[in-house]
Structure formats: structure tokens, C-alpha cells
Amino acid sequence: MFKIANLEFNSRLFLGTGKFEDEKVQEAAIKASETEVLTFAVRRMSLYDKSLPNPLANVDLDQFITFPNTAGAKSAEEAVRIAEIANEAGICDMIKVEVIGDDDTLLPDPIETYKACEILLEKGYIVCPYISDDVVLAQRLEALGVHAIMPLASPIGTGRGILNPLNLRYIVEKSNVPVIVDAGIGSAKDCAEAMELGADAILLNSAVSRAKDPVKMAEAMKKGIEAGRLSYEAGRIPIKYNAVQSSPSEGLGFL
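Under full-length UniProt numbering, the first residue of the sequence shown carries the number 1, and numbering increases by one thereafter.
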């Protein structure tokens, strides 16, 4: 179990709800993942206009911690406005602050992200910023008062896994708030690697929803996260240059 602010979690898998082929697959994948947290882009939801599609129409949100994100925002002001919409609609237990700074790479804007976090913290939100694997920015945001740090593994939707494990490990080691790896995860091995580096949780969407079998992949991701966390807690052996025999040689006679 771990906590973000006053919220407690047993599952370390946070699941995005977009891009599924249909609602039936979405529902089955959510069940297979055993997630407690559902995240979604507020701009893609029909909160007030019922004529627009609602990707969560058949999901009982009362059974989950809701984690809306500010995807689509390109400034702090836009991010705050989107967060306020989610809050007014009653679907905001905590907010993922996402401010994109580049349309080609979809990398987050560090300056606007910081500004948005500052405003939302003053308003009393549980704030979790999505950032690049920037060690210094992570420290600055923690000092500001955010409740979790969400560094990317690699650019959104690429499925390339963890491109910079060293920076991710630095962020984990220096953070006193939970670290949730977000974006770029491709398979269960990426989940295991992130958890072995000490991450507290992983947020997934495309890796599950765009898999050939999203339901099986959701289960695989769940197990990868569990295995990686267990491995991290167990403590791996040191990496060495020279081979070290596994069987003892003491007390053995010579032929």
C-alpha cells in the first residue's frame, strides 16, 4: 500500500480509459488490471453536452479513484481551467497536470507545468504533474508542494520503454513523494523495469488499449508491476565484471 496525499492505494497500476476499441473491451481490461485509479482526458469527455461521446458512460466511477488529466492544455491557464471543469463536475479526486510544449514530440512544457501546479496547489487540489525525466524539475516541483511526480519513460504513445533509467533512478532516490512513471511504456517488461528502479506506480493507456488483446495485456501489466515491485523490495545482487561461481569450493577434495 502507498499513499498520495490522503488517498491510499493497494494497486500500483493506474489505467487510462481512452482509445479502447469498444466499451466491452474497456470494461474487461479495467477488471483484469485490478486498478483502483482511472485517468481520462477531461477535454474528451461529455461533461455537460450529452450529445457528445462519453468514454466512461458505462463505468461506475464511484468504484474508483478518479484522476482526470489536463491533456490538450498548452498553457498554465488552460490547464487550470480544465481542472476546474473536472472539479465542478465532481470527477476529480486528484489532478494530473499535463501541459504540452511541443506538438511533434508531445513533450511537456516545464515552465507552464510549474505555473499550473502553483495555482492548483493554492486552490487545494491534489496535484500530480506529468514531466520529462528532469531530475532538477522534479525536485523543484516537490519543493513547491506537489503530491506526486510523474516522469515519462519515453514520449507519449511510442511504446519505447524507459529511455533514461539513470535519470528515473535519480528522481526516485531524491523524491520524498510518490513517483509514478507515465507515458512510453510498451510491455510488461517495461513495467517490471520501472518498478525495479523504485517507482511507486505506473500509469498506462496505449500500451493496454492498443495491444492486440487489451484484456490479456492489462493482466500482464498488472503482473509485471507486481513482479518488479517485489524484486525491488527483495534487493538485486550487485552487478559485477568478473564471473562468480554459485557453488562453494571450500571443503571439496581434489581427484
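Each residue gets a CB set at the ideal place from its N, CA and C atoms; glycine is no exception.
Since we're looking at a predicted model, the values are computed, not measured.
DSSP bridge partner residues for residue i (one or two, in chain order)
{"i": "E8", "result": "K3"}
{"i": "P68", "result": "F40"}
{"i": "P108", "result": "I100"}
Simplified DSSP state of residue i, which is helix, strand or coil
{"i": "G224", "result": "helix"}
{"i": "L15", "result": "strand"}
{"i": "P165", "result": "helix"}
{"i": "V135", "result": "helix"}
{"i": "L197", "result": "coil"}
{"i": "C92", "result": "coil"}
{"i": "I202", "result": "strand"}
{"i": "I85", "result": "helix"}
{"i": "D182", "result": "strand"}
{"i": "I149", "result": "strand"}
{"i": "Y130", "result": "strand"}
{"i": "A29", "result": "helix"}
{"i": "A73", "result": "strand"}
{"i": "Q63", "result": "helix"}
{"i": "Y170", "result": "helix"}
{"i": "R140", "result": "helix"}
{"i": "S209", "result": "helix"}
{"i": "K216", "result": "helix"}
{"i": "D22", "result": "coil"}
{"i": "K240", "result": "coil"}
Exposed unless 16 or more other CB atoms sit within 10 angstroms - verdict on residue i
{"i": "K222", "result": "buried"}
{"i": "N205", "result": "buried"}
{"i": "R229", "result": "buried"}
{"i": "K96", "result": "buried"}
{"i": "Q26", "result": "buried"}
{"i": "E8", "result": "exposed"}
{"i": "P238", "result": "exposed"}
{"i": "S175", "result": "buried"}
Residue from the options with nearest C-alpha to residue i
{"i": "I126", "options": "G101, A153, D93", "result": "D93"}
{"i": "V136", "options": "I171, L163, F20, P165", "result": "I171"}
{"i": "A73", "options": "I95, I100, A86, F64", "result": "I100"}
{"i": "L168", "options": "D190, K19, L38", "result": "D190"}
{"i": "A143", "options": "L121, R160, D102", "result": "L121"}
{"i": "H147", "options": "Y130, A153, I156, D134", "result": "Y130"}
{"i": "A76", "options": "T113, F64, I91", "result": "T113"}
{"i": "K31", "options": "A192, E118, V208", "result": "V208"}
{"i": "V42", "options": "E34, F20, G16", "result": "G16"}
{"i": "S154", "options": "K216, G186, L141", "result": "G186"}
{"i": "A79", "options": "I111, L61, Q63, G90", "result": "I111"}
{"i": "L166", "options": "G235, V37, Q139, D134", "result": "D134"}
{"i": "E173", "options": "I156, A192, A188, E196", "result": "E196"}
{"i": "I156", "options": "L163, S175, G184", "result": "G184"}
Inter-residue spacing [alpha-carbon to alpha-carbon] between residue i and residue j
{"i": "L106", "j": "N242", "result": "43 angstroms"}
{"i": "A194", "j": "L13", "result": "12 angstroms"}
{"i": "Y48", "j": "I85", "result": "Unreliable placement is indicated for Y48, whose pLDDT of 48 sits below 50; the coordinate value is still reported in the next sentence. Cα to Cα, Y48 sits roughly 10 angstroms from I85."}
{"i": "I82", "j": "N69", "result": "8 angstroms"}
{"i": "G198", "j": "S231", "result": "10 angstroms"}
{"i": "T39", "j": "P108", "result": "18 angstroms"}
{"i": "I66", "j": "P151", "result": "First, the residue type needs correcting, since residue 66 is Thr and not Ile in the sequence shown. Roughly 20 angstroms between the two C-alpha positions."}
{"i": "V244", "j": "V179", "result": "35 angstroms"}
{"i": "G145", "j": "K123", "result": "12 angstroms"}
{"i": "K240", "j": "F20", "result": "44 angstroms"}
{"i": "S132", "j": "G159", "result": "15 angstroms"}
{"i": "E233", "j": "F64", "result": "27 angstroms"}
{"i": "V215", "j": "A71", "result": "25 angstroms"}
{"i": "R140", "j": "V181", "result": "18 angstroms"}
{"i": "V177", "j": "M1", "result": "14 angstroms"}
{"i": "E34", "j": "I162", "result": "24 angstroms"}
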